[in-house]
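Before any comments, here is the structure.
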Amino acid sequence: MTRRTDPRPLLRASAELLAWWLALALLWLVFVTSVDTLERIVGAGCAAVGAVLARAGRRAVRWR
Amino acid sequence: MNRLRLWLLAVGGTGLAALLVAACLDLPRFGGRSHPYGDRAVHASLRRHIANTIASVNFDQRAYDTLGEMSILFAAVLGCVVLLRQTRDEHRAPPEPAEVARPVRRYALLVLPVALVTGLYVIAHGQLSPGGGFQGGVVAATALHLLYLGADYGALERVRPLGVYETTDALAVSSYVVLGLAGLLAGTAFLANTLLPYGTFNTLSSGGTVPLLNAAVGMEVAGAATVLLAHFLDQAVEIEDATEEEPGK
Amino acid sequence: MNGWILAATLALGGGGAAVLWGVTTGPPARRILAQNLATSAVCPALLLLSQGYGRPSYVDLALLLALLGPVGTLVFARLLSDDLAGERPSAWGLTWTAAGLGLAAVVAACAAAGPGRAMVKLLVIGVLLIAGNVIASRALAGGFRRVGGG
Amino acid sequence: MSHAMDVLPYLVAAYVFLTGCYGLATSRHLIHAVGCLAVCQSATYILLLAVGYRAGGTAPVFSDIEPGSRPVVDPVVQALTLTDIVVGATVTALLLALVLQIAKRHGTVDPDELRELRG
Amino acid sequence: MADAVIVVTLLLTAACATAAVTQRDPARQALVLSVLGVVLAALFTVLQAPDVGLSQLAVGSALTPLLIMLSVRKTRRRGRSKEDRE
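Chains A, B, C, D and E are the protein sequences, given in the same order.
Going by my numbering, the first sequence runs without a break in its numbering and finishes at 64.
Going by my numbering, the second sequence runs without a break in its numbering and finishes at 1249.
Going by my numbering, the third sequence runs without a break in its numbering and finishes at 2150.
Going by my numbering, the fourth sequence runs without a break in its numbering and finishes at 3119.
Going by my numbering, the fifth sequence runs without a break in its numbering and finishes at 4086.
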């Protein structure tokens, strides 16, 4: 179905996800009082969920 | 009839007020120093390395009650789903897309992930700082509905496959029960917090099963609130019965 | 009783009374504006209380209110947009005054907290509070122009 | 002053409860009645927390203070209130769903008109 | 003197509750109820119950108003279409 001729959309999508993930992971580190390994892992996971939803939301609104 | 009712209310209300005031005057005085149950609860919580005593009471000392509370929430959502289902004489009319000012739309899109991560933070740190599964779950579910407020219902429906949230809701309740049964299998009691090590005080892994139960409640509440709001939104926005006129006509 | 709690008492008492008066009288537009101001009055008070009690963890309450308060106002602005259609309530003077109150509370709390992660958290709350306040006012002043069935 | 303070929170809780009951009995709109019930419920929160308060105490949350360094208020009633709020929210949602069903079946949300319908 | 903030928030709560009951239109009542939710959260904070305050904020400031306003919208829409038919 989709021919991978143009790598730019993929690149842009991953850049957007990465930017959101970085911002949200930073936010998590700001929220917490003490940082340890488990805290970092959980924060990275939650930031990933947030990043995916941020992109999904933006796409859903731009859709029409 | 109406006047009679008001008289009845006045008499009953005055009587109740008198009784309540008498009871208030007899209560231990506000701000008193004697809280025997509270002191013991704090002691028990510290013994299990849980920094937030309220989380300890909810998910350790009274974990069985929290199971009841969860099933109340689950049953209430089930009741709402049944009450608000689409009946045969109703039809769905997709709403027209709304026109929302650009700053509002951008605000909604930017705050959505921030609110979601805040909700997850409140859930994850339930046994440390103020917060917990219930509060964080509601925040996460509310965050999702920013999409309805900032754009339109169609946008929300695209990122909200309802089946996933219904499954999450059910899975979370059953995982709470499974965690309880694990205690039973380990040879102690249902929902007894003796399964996992208590960890270092004031870290994310402290408190044995409390963080896990907290996460289960958080997932359940987030799923339940989303499903609940979805059915109310369906009723208010999409579903019309046969007598209602379509907006386009 | 320290200065922080006294300031919070004044913000709660004064702001709360004004909000209550605004939300019970007048046309719908004014009531929603007053509801929006409840967030801007109580959130700084919560920050001040957190300082006054010496409990940094109480800041989470202000964080949640700064996030969810404007969402509540958007709910009303959207679902009452029919009632708002005729009148475009725009009280920008009041909005910026409320934003100034929030800013003052955040700056004071930051000065007390000193540099560090706690200060960044307070700044995040301040940004969310002021942005939410301004956006909610914008939404009331014709933010939802044509909300048909949706 | 201090003597009035001993009972003031309890009296406020009683007042809020009675106010909610008054609204519930005189309501002309079922959604308004649900809101009045929410007011009644908030009276129970005030009562529970007032019972657990300790003068000069702070919250029993030890993420930012040393355990035992300050007197703390009663956590048991706070946990009860938390459950109370959850149940209150679900009751509100369930009652609103019932109101929508009534509006669909009978075409009215005025309790008095509903009584006349029943005959 | 340290009780002043408790007294102020208690009186504010009582006033909000009265206002919420006396507003007969459900949409206007929902506005007062959301203010009541925020004031209750402040009261819970001064009573040293931040957990309860958080959950009151989460429920009272956005979730309950949204539920009530959606129900109001549904009943109003029904009423309007009934009037149109008559």
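Virtual Cβ for every residue (Gly too), placed ideally from N, Cα, C.
This one's a predicted model, so the numbers in the text were calculated from it and none came from an experiment.
Secondary structure note for Arg1092(B): it is in no alpha helix (DSSP H), and the uninterrupted beta strand (DSSP E) holding it is Glu1090 to Arg1092. The beta carbons of Gln2051(C) and Val4035(E) sit no closer together than 7 Å.
At a C-beta separation below 8 Å, Asp3064(D) has these neighbours in chain C: Arg2055, Pro2056 and Ser2057.
Taking CB atoms only, Phe1134(B) has a neighbour in chain E less than 7 Å away. In this structure, DSSP gives Ile4006(E) a helical state, which the three-state scheme calls helix. Rounded to the nearest whole angstrom, the CA to CA distance from Thr3044(D) to Leu4010(E) is 14 Å. Per DSSP, the beta bridge partners of Asn1052(B) are Val3061(D). With contacts defined by Cβ atoms closer than 7 Å, Ile2130(C) and Ala2062(C) do not form a contacting pair. For Leu4054(E), the nearest CB of chain C lies under 7 Å from its own CB, placing it at the interface with that chain. Boundaries of the alpha helix (DSSP H) around Ser4034(E): Pro4026 to Val4046. Gly1154(B) sits in a helix when the DSSP states are folded into three classes.
Across the structure, Gln3041(D) and Arg8(A) are spaced so that their CA atoms are roughly 56 Å apart.
For Glu1240(B), the secondary structure class from DSSP, reduced to helix, strand or coil, is strand.
Counted as a single uninterrupted DSSP element, the alpha helix (DSSP H) harbouring Pro9(A) occupies residues Arg8 to Phe31.
The residues Glu39, in chain order, have a CB closer than 6 Å to that of Val32(A) in the same chain once the five nearest residues on each side in sequence are set aside.
Per DSSP, Ser1045(B) is one residue of the alpha helix (DSSP H) stretching across Pro1036 to Arg1047. When secondary structure is reduced to three states using DSSP, Gly1031(B) falls in the strand class. No Cβ of chain B is located within less than 7 Å of the beta carbon of Val35(A). About 7 Å separates the beta carbon of Asn1052(B) from that of Gly1126(B), a gap short enough to meet the 8 Å contact definition. For Ile41(A), the number of other beta carbons within 10 angstroms of its own is below 16, and it is reported as exposed. Under the DSSP definition of a beta bridge, Phe2144(C) partners with Val1100(B). Residues are counted here when their Cβ sits less than 7 Å from a Cβ of chain A; for the stretch 1149 to 1178 of chain B these are Ala1151, Ala1155, Arg1158 and Val1159, given in chain order. At a cut-off of 7 Å between beta-carbon atoms, Val4059(E) makes contact with chain D. Under DSSP, Arg3054(D) takes part in a beta bridge, and its partners are Gly1031(B). In the structure shown, Val1011(B) falls within a helical segment according to DSSP collapsed to helix, strand and coil. About 5 Å separates the beta carbon of Tyr1198(B) from that of Arg1048(B), a gap short enough to meet the 8 Å contact definition. Non-local beta-carbon contacts of Cys46(A) in its own chain, meaning distances under 8 Å to residues more than five positions away in sequence, involve Leu24 and Trp28 in chain order. Taking 8 Å as the upper bound for CB-CB distance, Ala2077(C) and Gly2143(C) are in contact here, some 6 Å apart. Rounded to whole angstroms, Val2120(C) and Gln4048(E) show a C-alpha spacing of 25 Å. Contact of Thr1226(B) with chain A by beta-carbon distance below 7 Å is absent, the smallest such distance being about 12 Å. Against Leu4012(E), chain D offers no close residue; the least beta-carbon distance is about 10 Å (beta-carbon pairs closer than 8 Å).
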